[in-house]
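Have a look at the structure below before the remarks.
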Amino acid sequence: MADESKPTVSCPEPKTQEDGKKVDTDEQANGEEAPRSSVSIDNTQSENPRRSQRTRTLTEKGKSLQSAKLNDLTKDIQRFYKKWKYHINSFKRMVKNKDVDLIPEALCAIDTIMTDICNTYDDIRRIEIPDMEIRRRCDVCWAVSEAARAKAKCLLEENGDPDSIPWPDSESVFESSSSSTSSRITCKSKSISGMSKHSSLSTLQQRQEAAAEVAATEEVIKIMKTQHQYEEEIRELEVQDAKKRAQFLTESTTIKTKLEEKRKEVELLKELQKHNAAQARLKVYAES
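UniProt numbering applies: residue 1 is where the sequence shown begins, and numbers increase by one.
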């Protein structure tokens, strides 16, 4: 990789003996031709390093595309974080209820989402340094996921007490979404109020940003409440569906058994019909 990034400098090929003779002949014919060629070569050699040393800057279109990609990656990592948060809370309930059959699948889902988060984080780093909130969330995901793996190993492999392994200090992961978001709003308001020493124009801009943040967060709270309600309904429907499937299998087995019994009865009736018909014929022949 390092060799590919070096600037390529085109050097003139070494002169052969025949070339030297040709140059001498040209010099004799016109004394000014040889010096001009030398100056041209020197200028070419001096210009090449200058061109290679220029810093490459993005065009306006390139900057726009890069900004759009960064925005998409930020949305992706936020979406992965919410998904991870949902699965880690489900995992915590499973550990509490000792649902050992469900824990491996939940841990696999957590690891898959962690891979998505790490890959997206690396993609953001290739464009710019991630902001503090993204770095904090990635650190929280990593620490809590490591604790989840340790708890699962303690419960499944070592048959120990998973409560002996503490969760990292990350209350925002396990607390309710509304209280977590409200605390972020409060912290945002305090941080903005502490910057009142700036110029009036900057203060006005900060107030507008804070108001926009509060309004946006309130909308997020409303949607997240509805989202959690739907998620609970989905879990209930999944449980009902599993029960229905089990009930359907039981009923299907019962119906199949009854069908087999009825088919056997029909076969017996057919045989009895043939037997009675034969006896009736024999009786008629005997009487005649």
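Even for Gly, the Cβ is constructed at its ideal location relative to N, Cα and C. Please read these numbers as outputs of a predicted model, since none were measured by experiment.
What does the Cβ neighbour count give for residue i, buried or exposed, with the cut at 16 atoms within 10 Å?
i      : result
Leu268 : exposed
Cys138 : buried
Phe80  : buried
Pro162 : buried
Val144 : buried
Met94  : buried
Thr57  : exposed
Leu73  : buried
Lys151 : buried
Ile117 : buried
Val284 : exposed
Ser10  : At Ser10, the pLDDT of 36 sits below 50, so the modelled position is not reliable; the number obtained from the coordinates is stated separately. Classification of Ser10: exposed, given that the 10 Å Cβ count is below 16.
Ala148 : buried
Phe248 : exposed
Lys63  : exposed
Lys92  : buried
Ile255 : exposed
What are the start and end residues of the alpha helix (DSSP H) that includes residue i?
i      : result
Lys83  : Glu60 to Asn97
Ile113 : Ile103 to Ile127
Trp167 : Premise fails: Trp167 is in no alpha helix (DSSP H) and is neither H nor E.
Glu133 : Met132 to Leu156
Quick check: does the Cβ of residue i come within less than 7 Å of any heavy atom belonging to the ligand COA?
i     : result
Val95 : The ligand COA is not part of this structure, which contains no ligands at all.
Which same chain residues end up closer than 8 Å to residue i when comparing Cβ atoms and leaving out the 5 residues on each side of it in sequence?
i      : result
Lys83  : Ile113
Tyr86  : Glu231
Cys127 : It is worth fixing the name first, because residue 127 is Ile in this sequence and not Cys. For Ile127, where only same-chain residues beyond five positions count, the Cβ hits under 8 Å are Gln66, Lys69, Leu70 and Leu73.
Here's a check: name, in chain order, each residue in its chain whose Cβ is nearer than 7 Å to the Cβ of residue i, leaving out the five neighbours to either side.
i      : result
Val100 : Leu155 and Leu156
Pro130 : Tyr121 and Ile124
Asp76  : Thr120
Please report the straight-line C-alpha distance between residue i and residue j, rounded to a whole angstrom.
i      : j      : result
Ala106 : Gln240 : 20 Å
Arg235 : Val266 : 46 Å
Trp167 : Lys61  : 46 Å
Asn159 : Arg263 : 53 Å
Glu261 : Ser252 : 14 Å
Asn89  : Lys96  : 11 Å
Cys141 : Lys222 : 25 Å
Gln78  : Met132 : 14 Å
Asn276 : Ala286 : 15 Å
Lys153 : Ala215 : 43 Å
Cys108 : Ala242 : 22 Å
Could you name the residues of the same chain whose beta carbon sits closer than 6 Å to that of residue i, not counting the 5 residues immediately before and after it, in chain order?
i     : result
Ser40 : Because the pLDDT at Ser40 is just 45, under 50, the model does not fix this residue reliably, and the point stays unresolved.
Practice task
Write down every uninterrupted run of the alpha helix (DSSP H) in the region 229-260 whose length is 4 residues or greater and which is fully enclosed by it, in chain order.
Solution key: none
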